[in-house]
Amino acid sequence: MTNSGTTGRMSHCADRYQLFNPRAYLQNNYTSPRANFDREDSVVPWKLRCFAASFSTGEIRGQTLLDIGSGPTLYQVISACDYFTTIIMSDYLEANRQELGKWLRAEPGAFDWSPFIKYVCSLEGKSDQWQAKEQRMRETIKDVCHCDIMKPDPVHPRVLELVDAISTTFCLESVCPDKQSLERALSNITSLLRPGGFLLMIGALGESYYLAGEVKLAVVPIDEDYVKEAVSKSGYRICVFKTYTMPPELKIGVDDVSGVFYLQAQKI
Ligand SMILES: C[S@@+](CC[C@H](N)C(=O)[O-])C[C@H]1O[C@@H](n2cnc3c(N)ncnc32)[C@H](O)[C@@H]1O
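For the sequence shown, the positions run 6 to 273 when this note's numbering is used.
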């Protein structure tokens, strides 16, 4: 009874995602005011500073980083491209994978990630080298594959050696219908990571929905304590945990998020 109920809700979620509009989602979350690089307190610069700080330690490096539920976005791997030989992006939706492909092939009409890359380079004190980093991103991202975090092997039929790091941003809580399935999804993605490897995760706090064009998508509202407990229970040691409170001027009617968390954890 419980199982069939959960399955019903899950397929409902999956159906809703077919209506996800990548360009509307990018417009809502990755243009000003949320991506305002003249304001330190804007949320996107905060996310980029979190990733940059983790990578600047030199501790997170290796052969392969897998980004789970990438959506149409690439900001989450800008810092990573200097520390991994291969980055694999992944998403459930063909429309999002195509959006990423457009940028990777530098096609006209692709979303412009250059302000994001320039900002990360400025954090590294290498503002004049942003084009080299852009080039490195295009070389390091070697694949954009299908993934389904609800499946025990989320990247099936792609066969991967255990990866050295996983990043995932705003995916688990916005895809899973409830906390139980979120924990199962976390365990599914953890099975792809080698012991000692790092999980870098960003997510929404206190959010119940977001808009991506015509569609309103349900989100499981979670808080900091829950995130820490779920991640620890999945077999990680949490190394870094940071939170950001969404300022009133960034509450722009595209979701009801109250804050954002960033965590870096190491698989035990
Ligand atoms: C809120 S978006 C996050 C996008 C991006 N990572 C970001 O930081 O903005 C959630 C993403 O999860 C993807 N998704 C939906 N169902 C999924 C599933 N079952 N497995 C993996 N990803 C899924 C969606 O296509 C969408 O790109």
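Glycine is no exception: its CB is placed at the ideal position from the N, C-alpha and C atoms.
Assigned secondary structure, residue i (DSSP; H/G/I helix, E/B strand, else coil)
| i | result |
| --- | --- |
| ALA29 | helix |
| PHE175 | coil |
| ARG14 | Since pLDDT at ARG14 reaches only 46, below the 50 mark, its modelled position is unreliable, and the value read off the structure follows with that caveat. In the structure shown, ARG14 sits in a helix (DSSP, three-state: H, G or I). |
| LEU222 | strand |
| PHE56 | helix |
| SER9 | Unreliable placement is indicated for SER9, whose pLDDT of 37 sits below 50; no coordinate value is reported for it. |
| TYR267 | strand |
| VAL168 | strand |
| LEU210 | strand |
| LEU24 | coil |
| PRO120 | helix |
| PRO253 | helix |
| PRO50 | helix |
Alpha-carbon to alpha-carbon, residue j and residue i
| i | j | result |
| --- | --- | --- |
| ASP261 | PRO252 | 12 Å |
| SER179 | ALA223 | 6 Å |
| LYS184 | ASP228 | 11 Å |
| VAL265 | THR36 | 17 Å |
| ILE243 | GLY201 | 12 Å |
| TYR249 | ALA57 | 16 Å |
| ALA115 | ASN26 | 14 Å |
| ARG44 | LYS247 | 19 Å |
| GLN271 | GLU139 | 28 Å |
| SER263 | ILE273 | 31 Å |
| SER186 | LYS256 | 28 Å |
| VAL48 | LYS221 | 21 Å |
| GLY10 | ARG143 | Reliability fails at GLY10, whose pLDDT of 39 lies under 50, so the model's placement of it is uncertain and no value is given. |
Those residues which DSSP pairs with residue i across a bridge
| i | result |
| --- | --- |
| SER95 | CYS150 |
| LYS131 | According to DSSP, LYS131 bridges with nothing at all. |
| ALA217 | VAL220 |
| LEU205 | SER172, GLN269 |
| PHE42 | Per DSSP, none; premise fails for PHE42. |
| ASP260 | TYR215 |
Residue interval of the beta strand (DSSP E) (run including residue i)
| i | result |
| --- | --- |
| ILE243 | 241-250 |
| GLY67 | 67-73 |
Unbroken alpha helix (DSSP H) run spanning residue i, endpoints
| i | result |
| --- | --- |
| ARG143 | 135-145 |
| ASP230 | 229-238 |
| LEU191 | 184-195 |
At least three beta-carbon pairs within less than 8 Å, the stretch 47-57 to the stretch 137-157: no
Is the stretch 81-93 touching the stretch 133-153, taking contact as three or more C-beta pairs under 8 Å? yes
With three or more C-beta pairs closer than 8 Å as the rule, is the stretch 21-30 touching the stretch 97-109? yes
Take every Cβ of the stretch 71-87, pair it with every Cβ of the stretch 120-130, and state whether three or more of those distances are shorter than 8 Å. yes
Decide yes or no for the touch test of the stretch 163-176 against the stretch 207-214: beta carbon pairs closer than 8 Å, at least 3 of them. yes
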